[in-house]
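Asks: For reference, the structure I am asking about is given below.
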Amino acid sequence: MSALFAFIRFELVRLLRSWKFLAITIGFPVVFYMLFLGEHTAGAVVDGTVTWRVYLMVSMCTFGVVVAALNAGGSRLAGERSTGWARQLRVTPMPAWSYVVTKVTASMLVVLPVLVLVEVVGYTFGGVRLGIGEWFALTALMWVTALPFAVLGVFVGFMVHAETAYPVVTALMFILGYFGGLFNPVSQMPHALQSAAQALPSFHHASLALGFLSGQTLGAAHWLVLIGYTVVLGLALMWKHRVEESRGLA
Amino acid sequence: MPTAQLAVSDHAVAAGAPAHDAEAALRFKGVVRRYGKHLALDHLDFSVARGETLALLGPNGAGKSTTMSLLLGLLRPNEGTVEVLGTTPHNAVAQGRVGAMLQTGSGSGLPPGVKVSEALALVRRLYRRPADFDTTVERAGIGALLCRQTNRLSGGEAQRVRFALAIAGDPELVFLDEPTVAMDVDGRRTFWKMMRQFGAEGRTIVFATHHLEEADQIADRVVVINHGQVVADGPGATLKAAVAARHLRFVVPEPDPARYDRLEGVTDVEVRGTGVTLVSLDADATLRDLVRSNLAFSDLEVTGACLEDAFVALTACGRKLPPEVDA
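In structure tokens, the structure reads:
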């Protein structure tokens, strides 16, 4: 067990030391939040329930999760698989599954400060006011539901080559962001795109949190989609890892 | 004990198996490995005694890396069995009794974004009974590199760090796949000195190389692999003599291949038009015989054979020797 913790810690240190990773992961959601906030009347109501400042804060929390998870897994993982480091770990006593578990765990752990940071920006610059309990519940909810994105990031890292990882990760970031209704509410999108959003986990991740804040529903449908994504991506990841292992590559 | 013999195996017939089988550090029995239709290992048989330093010698694509991957449990054989330290390769690795330095192609094989000391500290943590940190640093000669970032190392420095990672768990058995590939002459010398000291402590070392000199100087025993089969198995010196093959090229208006084959020392004959190439293990004797036989020739040229030819010569030489040359 201590070996696993040592490896997770090692991965976290590597992530938090990478300026590129920090700049992208912190920069995107925070800068976008400030930009979008300037374009709208922060206090005006979107979709009949929440204000722009809250909608944008939650959306950028989700976007932060997407960016952090895809960059922590995706391109970094593909890169270190190509250098032979992943293979070197395979010839240590560490079981093969630890590598995958560590990667997903490290992604989940870097997602948390990103959420808190966007919330702090929402409070200070966006003027979002919630009760202390609400802040904690919101953070916990968005963190737990970040799991499918963490799994997705690691899966992408296993699927793509180091050279193609960057464009793939960038494309996924913007597909999940734009079509998931994180830059503009889904209700303001053309009809065809509205149904497309329903298929994306990013839409459900943000909608679940917004639903919680407006006290509407339990969001069973959102939960279902997010759990579904986690299960399907988790199985796909296990399959891919198996294949790589049998070829002596994982 | 591997004695001074050059045992040459003919296809699937195993030859020169060490006498003390129970003490074998590893054993390959009839191992077949395919990649799609390509047959990488064709009924490979060999074993290595504990404490022995063995070189796996062969040209590129001979099956050396596949052999390494099978020994580490990274690949499974399609047929046959691989045994490492009395158990499966996977178990031996999981028990932390094995260390390895694999080929990494263009990559460094090290994690980017950390210092050398941090990478070594992590790998030590993955073993239950690792070697002392300072001892490992000293053994691999990486004291001056500890504070460097892993992505700021030269090829040779990275190889030394990867050697440190391979021995960090204090393994009984170490596999090194072309360990000196990115090193200059000095680097090689230093590396093999460290390796010898490490091996002198009773550990078993298996390394792959395509440098005959390296195999000859470092290993107690050399197993030559070509086309996925064991071509020869014996001490380096015997092997080196056997591969002292030369090429004799000359021109004849009407060559008669059958007659050249009978010349002394000749192991292979190639005729192309009026050009004849003889591969010989004793060029002087072949030349004398050629003159004595009154065979016509012109434009004679004698050159050293390349390693690839040496392997062919070895295989051919096996056919001319009795199948078992036991002492």
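Residue numbers (the working numbering), protein chains in the order written: chain A, 6 to 255; chain B, 34 to 360. Glycine included, every Cβ here is placed at the ideal spot set by N, Cα and C.
(1) With DSSP collapsed to three states, give me the class of B:Arg352.
(2) Out of curiosity, what's the CA-to-CA distance linking B:Leu198 and B:Met134?
(3) Just the C-alpha distance for B:Asp289 and B:Val335, rounded to the nearest angstrom, thanks.
(4) Do the CB positions of B:Arg181 and B:Lys148 come within less than 8 Å of each other?
(5) What beta strand (DSSP E) runs, 3 residues minimum, are completely inside the stretch 187-234 of chain B?
(6) Report the rounded CA-to-CA distance for A:Ala241 versus A:Phe184, giving the unit in angstroms.
(7) Would you mind sorting B:Lys70 into buried or exposed? The rule is 16 or more other CB atoms within 10 Å of its CB.
(8) Assuming the contact rule is C-beta atoms closer than 8 Å, B:Ala152 and B:Leu159 should be a hit. Round their C-beta distance to whole Å, please.
(9) Along the stretch 96-122 of chain A, where does the CB come closer than 8 Å to a CB of chain B? Name the residues.
(10) Give the residues from the stretch 90-118 of chain B that approach chain A closer than 7 Å (Cβ to any Cβ), ordered along the chain.
(11) Could you tell me whether the Cβ of A:Ile13 comes closer than 8 Å to any Cβ of chain B?
(12) Going by the beta-carbon positions, is the gap between B:Arg157 and B:Leu206 smaller than 8 Å?
(13) If the cut-off is 7 Å on Cβ atoms, which residues from the stretch 287-298 of chain B count as contacting chain A, listed in chain order?
(14) Taking B:Leu77 as the reference, which of B:Leu209, B:Asn93, B:Val324, B:Pro110 has the closest Cα?
(15) Would DSSP call B:His71 helix, strand or coil?
(16) Taking beta-carbon pairs under 8 Å, can you tell me which members of the stretch 82-93 of chain A lie near chain B?
(17) Helix or strand or just coil, what does DSSP make of A:Leu218?
(18) Please classify B:Asn259: does DSSP put it in a helix, a strand, or coil?
(19) If the cut is a Cβ gap below 9 Å, which residues of chain A does B:Leu206 touch?
(20) Would a C-beta distance cut-off of 8 Å place B:His244 and B:Ala95 closer than the cut-off?
(21) Give the DSSP bridge partners of A:Ser23, in chain order.
(22) Give the residues of chain B in contact with A:Ser272, contact being defined as C-beta atoms less than 8 Å apart.
(23) Could you check which residue in A:Val106, A:Ile31, A:Leu229, A:Leu218 has the C-alpha nearest to that of A:Gly138?
(24) If we count the other Cβ atoms within 10 Å of its Cβ and call it buried at 16 or more, is A:His196 buried or exposed?
(25) Taking A:Val63 as the reference, which of A:Lys25, A:Ala225, A:Gly216, A:Ile232 has the closest Cα?
(26) In the structure shown, what three-state DSSP assignment does B:Gly138 receive?
(27) Comparing alpha-carbon positions, which option in B:Val285, B:Gln136, B:Val170 lies nearest B:Thr99?
(28) Within a Cβ cutoff of 7 Å, which residues of the same chain sit near A:Pro153, ignoring the five residues on either side of it in sequence?
(29) Out of B:Thr169, B:Arg193, B:Phe231, B:Leu209, point me to the one whose CA is closest to B:Met216's CA.
(30) List the residues that DSSP assigns as beta-bridge partners of B:Val299.
(31) Looking at the structure shown, is A:Val109 part of a helix, part of a strand, or coil, going by DSSP?
(32) How many Å lie between A:Gly127 and A:Trp57 at the Cα?
(33) Using a Cβ-Cβ cutoff of less than 6 Å, which residues in the same chain neighbour A:Phe12 once the five nearest sequence positions on both sides are dropped?
(34) Starting from B:Ala113, trace the beta strand (DSSP E) both ways and give me its first and last residue.
(35) Taking 8 Å as the threshold (C-beta atoms), are A:Val123 and A:Gly158 in contact?
(36) Check B:Phe240 in the structure and name its three-state DSSP category.
Replies: Answer, in terms of the structure:
(1) Bear in mind that the predicted position of B:Arg352 carries a pLDDT of just 39, short of 50, making it unreliable; the figure below should be weighed with that in mind. In the structure shown, B:Arg352 sits in a helix (DSSP, three-state: H, G or I).
(2) Taking the straight line from one Cα to the other gives about 8 Å.
(3) 20 Å
(4) yes
(5) 206-210
(6) 23 Å
(7) exposed
(8) Not confirmed; about 11 Å, so no contact.
(9) Residues Val96, Thr97, Pro98, Met99, Pro100.
(10) Those residues of the stretch 90-118 of chain B that come within reach of chain A (Cβ to Cβ, closer than 7 Å) are Ser102, Leu105, Leu107, Leu108.
(11) no
(12) no
(13) none
(14) B:Pro110
(15) Strand.
(16) Gly84, Glu85, Ser87, Thr88, Gly89, Trp90, Arg92, Gln93
(17) helix
(18) strand
(19) Residues of chain A passing the Cβ test: none, with the nearest at roughly 11 Å.
(20) no
(21) BP columns for A:Ser23 are empty, so no partner.
(22) One cannot answer for residue 272 of chain A here, as it falls past the ends of chain A, which runs 6 to 255.
(23) A:Leu218
(24) Residue burial is scored here from C-beta neighbours: A:His196 has fewer than 16 other C-beta atoms within 10 angstroms and is therefore classed as exposed.
(25) Of the candidates A:Lys25, A:Ala225, A:Gly216, A:Ile232, the residue whose Cα lies closest to the Cα of A:Val63 is A:Gly216.
(26) coil
(27) B:Gln136
(28) Pro206, Leu231, Tyr234, Thr235, Leu238
(29) B:Arg193
(30) Answer is B:Ser313.
(31) helix
(32) 11 Å
(33) Thr107
(34) The sequence as given places Gly at residue 113 of chain B; Ala does not occur at that position. Note, B:Gly113: beta strand (DSSP E), 112-117.
(35) no
(36) strand
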